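Right, one structure below, let's go through it.
Number of protein chains: 2
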Amino acid sequence: MKVNNPVIKDLLRHYRKISLLSKTKAVLDWDLNVNLPTKAAEGRSHQTAHLAELITDLWLDEKFRNQLDKASLLSSKASKEEQAIVRNLNFAGKYYFNVPKELIVEKEKVASAAFMAWKEAKEKNDFSIFLPHLKELIRLDQMIASHLKFDKNPYDALLDQFEPELTAEKAKIVFDAIKPDLIKLVKRIQKSKNYSSSSAFVDEQILYPKQEQELLLKSIMRRMGYDFAAGRVDVSPHPFTTTLDRHDVRITTMYIDNDFRTSYTSTMHETGHALYEQGINPEYSETPLEGGVSFGIHEALSRFWENMVGKNPAFISFMTPLFQSFYPEQLNALNEWELSRVVNLVKPSFVRIEADEVTYSLHIILRFEIENALFNNEIKPEDLPKVWREKSREYFGIEPKNDSEGVLQDVHWAYGAFGYFPAYALGNLYGAQFLRTMKKDIDFDAELNKGNLLPIKGWLDQNIHRHGSLYSPDELVKLVTGEKLNPKYFINYLTDKYTKLYEL
Amino acid sequence: MKVNNPVIKDLLRHYRKISLLSKTKAVLDWDLNVNLPTKAAEGRSHQTAHLAELITDLWLDEKFRNQLDKASLLSSKASKEEQAIVRNLNFAGKYYFNVPKELIVEKEKVASAAFMAWKEAKEKNDFSIFLPHLKELIRLDQMIASHLKFDKNPYDALLDQFEPELTAEKAKIVFDAIKPDLIKLVKRIQKSKNYSSSSAFVDEQILYPKQEQELLLKSIMRRMGYDFAAGRVDVSPHPFTTTLDRHDVRITTMYIDNDFRTSYTSTMHETGHALYEQGINPEYSETPLEGGVSFGIHEALSRFWENMVGKNPAFISFMTPLFQSFYPEQLNALNEWELSRVVNLVKPSFVRIEADEVTYSLHIILRFEIENALFNNEIKPEDLPKVWREKSREYFGIEPKNDSEGVLQDVHWAYGAFGYFPAYALGNLYGAQFLRTMKKDIDFDAELNKGNLLPIKGWLDQNIHRHGSLYSPDELVKLVTGEKLNPKYFINYLTDKYTKLYEL
């Protein structure tokens, strides 16, 4: 990467410190999730808080802000890379620049207490324990939104934090476009003759030893082209991916004794994130162009590998003898279509993270609609349990038995992360649109049927990964697919797949 | 800990930042040794170098230095703890305060190249590859010594970095006091009738599966009172202990297929370090009183557990049925005395880290004498291989076949760590003196014979561990044993032990 502008050069030097400290913090957080002895939590929190403070100070550095302001004026004559550097710095710095430091600290404190209250409320199935904290977090995020500025809807300011340029209006248009079709598709699948046998198989208590799960997932990671010399795989209660360096992209997974599908799909999901990070132009390392474009694009790629590759019947067909050689007694009775239906079982449940590919987006839409209404004062926090139950009945045909399974299920609100969810659903839409373009270059199902995943990784490297965060989400989608985000590709993809799979 | 002096309070606030960043750096270094993917070394070095720079800047902060100077004048009226805070800050800061930053950076650069040259020289058994780098490192350390100031001997300035207040003169007196007895003892042991059978057993190629070694060492760590909720044990090529927080003291070990003794003794050694750190007064955490007193006292405790406990015939007698239940085929033929002689085998070798308890100190004395002569220009770097061979013959009766096994064996000089070695040998002497005092309170051999290690840990907690670095090494030895360091206790201990063991 060639940068001639001396102001941009200074910005890069300053950002490098932010990058190095952020990765240092990521090492501490990885270690916290994977290794930390139980008594060490407090000491570790001191170290992490100190790093966070140093990073905040770097963002608030006056000389840096002046230079960034200067660069923002110059940037129309600058190269694409220089412009992206300025855009990304302005985007990443926005929170620090606009929200008063006392408010940031206040929110951290409240969120910390709210998290403990949420845990207790969920355990005791008592929403009232969490409610006062939730109210306080909403109040603070309303203040934060006002500092971040917005046109009409305060919720837009929160959405934009996680997906640049996303607004509630834009999200509503795409979600409204897919919601009725998703609800219809779920009902059709549940009525199909193949539905009940797959569902019954999943409910059986069959054990899949951890050691075989581990061997299986490492072989799949290799097949996907994950570079084990530039990362590792460990175990943690909640699977995640973290970039400790361009050459140190680590994933974690979890093993569930009686369900081989969890480690299989979560590993492909996290490896999808990791391939993105491992594939970025090395010149962008330790600059504002490092890392993926956005949460939405990252989820597009992780969910692409999880669902569009890992749960593709053509790939399951290739995998069937492998699965059966690892778990002969457990799986020998199933043929490749039956196994595909087991892996792709569509089953309305209350729990988002266990949701299948069809109902998943409905879980997100439900949360999006509630958040949007909350921040526009159309519903009150105390009404959330009721609203949650009503929407569950409407979208899934079922109601959670209690609030722990309902409004209290996700941790996001307890962190005060309002506006995060829609990125997940957008990921599905981006992914389906990328897939459609990819199929013009690659005989997708045929390659999957032979177990060839490297051409797919190669295509993603070339068209998406290597760019890092050079483009905005909208620019990237346009560049890769030739048009802006279009939700119909996702609906078409799902309808095609499930019509064949369940012989609808 | 009560601190009223506002200047000291400021010093504590400032030091806390140094402590938090140093522990953060320790997490990165632990991860480097235990987990790092091969390609990630460069990126990790950027992160670590940046932290080192931030830490250096904190030491060089002008306001902090002024306050420390002020506190140094006040401290005679201050409490013991306040005085120790000022003493420790002056000691730890000495290097940063006195050595010009350019010289620190220059040495880091030279050491980095020297390390690579040393590796190559050792592989190719060619001292000449390392020689120019070694000369440069000696030149730089001579300059550093002159900045650190010394009375007569420039080597004193280097020794003091690793063991406060140690001088070559003091070291020479104690080493001269033990050297002839050690050489005599080795010869007596080698002539004993029991020597050759133990030696023959060790030379057999018997395999000890890793899994059993792991179970065994964890059970011993529990017996020693190591708190697994405040630390962990992992595997690394060179075993070490690191304190990531008062409640996160981690050790590593290594497994050698054909020698169960390596993981056994190295685990007790590292756990000895860890018990020290876990046992420090929690109020000292994140203050200049955290951590052990010095390298010498730390080695005293680690070598105490390794040798005076782990290789004590009374404890081996307790352990014999345990060893045999883990390795029945390998060890059932040995009785407890034979096993004791195998674990304690005294065998002159060229390699310090593999050395037994008797020859170990001779390895250190050899290095001490060479370093002292080097820094007083009594020998030239080009003569080192010859000097090494002559001293090996004198102390061990054998000569290394080549320089890789001789002058090139240790990594310390390649890092430019001149003056480090004597702390190891001092540790042996401190340890024997502590043991003599402990035996007045505890029926030592009787407890070991029953496998009771907790009373020993309790005694160390009470008399040594809890003090952290409140006392200087000399003060601590006086406080614990009632007299200053006396090398005769070590010689008496060794002579007693080996006379019985080998029936001399």
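As they're listed, the protein sequences go chains F and Y.
Basically my numbering = 1-based index in the first sequence + 673.
Basically my numbering = 1-based index in the second sequence + 673.
From the three backbone atoms N, C-alpha and C, an ideal C-beta is built for every residue, glycine too.
Treat the numbers as computed from the prediction; the structure is a model and nothing was measured.
If you measure beta-carbon to beta-carbon, which residues of the region 719-734 of chain F are closer than 9 angstroms to chain Y?
H719, Q720, T721, A722, H723, L724 and L727
Out of Y:A786, Y:F996, Y:T915 and Y:K1074, which one is the CA nearest neighbour of Y:L888?
Y:F996
Cβ closer than 9 angstroms: which chain Y residues qualify as neighbours of F:T697?
T697, K698, V700, L701, Q720, T721, H723 and L724
Nearest by alpha-carbon distance to F:I1115: which of F:N1136, F:V783 and F:E726 is it?
F:N1136
Which of helix, strand or coil does DSSP assign to Y:V707?
helix
Cβ contact (3+ pairs, closer than 8 angstroms) linking the region 782-795 of chain F and the region 1079-1091 of chain F
yes
Taking 8 angstroms as the CB-CB limit, is Y:A713 close to chain F?
yes
Quick one: is F:N954 near chain Y, going by C-beta distance under 8 angstroms?
no
Along the region 882-904 of chain Y, where does the CB come closer than 8 angstroms to a CB of chain F? Name the residues.
D900, F901, A902, A903 and G904
Does the pairing of the region 1040-1054 of chain F with the region 983-1002 of chain F give three or more beta-carbon distances under 8 angstroms?
no
Please return the same chain residues whose Cβ sits closer than 7 angstroms to the Cβ of F:K1020, not counting the five positions on each side in sequence.
S872 and D1029
Compare the beta carbon distance of F:L1177 and F:R861 with 8 angstroms and say whether it is the shorter of the two.
yes
Within chain Y, the residues that F:N706 reaches when beta carbons sit closer than 8 angstroms
In chain order: nothing, as chain Y lies at least about 13 angstroms away.
Just the Cα atoms here: how many angstroms apart are F:N1159 and F:F848?
11 angstroms
By DSSP's criteria, F:I924 is part of a beta bridge. Which residues make up the other side?
F:V906 and F:T914
Count the other C-beta atoms from every protein chain shown that fall within 10 angstroms of the C-beta of Y:L693, then say buried if there are 16 or more, exposed otherwise.
buried
Inter-residue spacing [alpha-carbon to alpha-carbon] between F:L821 and F:N771:
6 angstroms
Helix, strand or coil at F:I1038 according to DSSP, with G and I counted as helix:
helix
Is there a Cβ from chain Y that is less than 8 angstroms from the Cβ of F:H920?
yes
Buried versus exposed call for F:G945 [16 or more other C-beta atoms within 10 Å across all chains shown]
buried
Starting from the C-beta of Y:D829, find all residues in its chain whose C-beta is less than 7 angstroms away, skip the five residues before and the five after it, and write them out in chain order.
F823, T840 and A841
Can the beta-carbon of Y:N954 be found less than 8 angstroms from the beta-carbon of Y:L880?
no
In angstroms, rounded to a whole number, what distance separates the CA positions of F:N739 and Y:K843?
58 angstroms
Can you find the residues in the same chain that come closer than 8 angstroms, C-beta to C-beta, to Y:V1024, ignoring five residues on each side of it along the sequence?
E1078 and Q1082
For the candidate residues F:I1071, F:G1070 and F:N1075, whose alpha-carbon lies nearest to that of F:L1057?
F:N1075
When DSSP labels each residue in this structure, what does Y:I1137 get in the three-state scheme?
coil
Exposed or buried, which one is F:E755 when buried takes at least 16 other CB atoms within 10 Å?
buried
Beta-carbon neighbours of F:R1139, restricted to chain Y and to distances below 8 angstroms
By Cβ distance, chain Y contributes nothing, its closest Cβ being about 17 angstroms from F:R1139, past 8 angstroms.
As assigned by DSSP and simplified to three states, the class of F:I846
helix
Counting only the same chain and skipping the five closest in sequence on each side, list residues whose C-beta sits under 6 angstroms from that of Y:F1048.
P827 and Y828
From what residue to what residue does the alpha helix (DSSP H) around F:I989 run?
P986 to F999
Per DSSP, which residues does F:I811 bridge with? Please list them.
According to DSSP, which records beta bridges pairwise, F:I811 is partnered with nothing at all.
So the candidates are Y:A1090, Y:Y1144 and Y:K1157; which of them puts its Cα closest to the Cα of Y:D814?
Y:A1090
Let me make sure I understand the geometry here. Which of F:T938, F:I929 and F:T697 has the alpha-carbon closest to that of F:L1018?
F:T938
My parser needs the alpha helix (DSSP H) runs of 4 or more residues fully inside the region 1038-1072 of chain Y; what are they?
1057-1069
Tell me whether the beta-carbon of F:G969 lies closer than 8 angstroms to the beta-carbon of F:G1100.
yes
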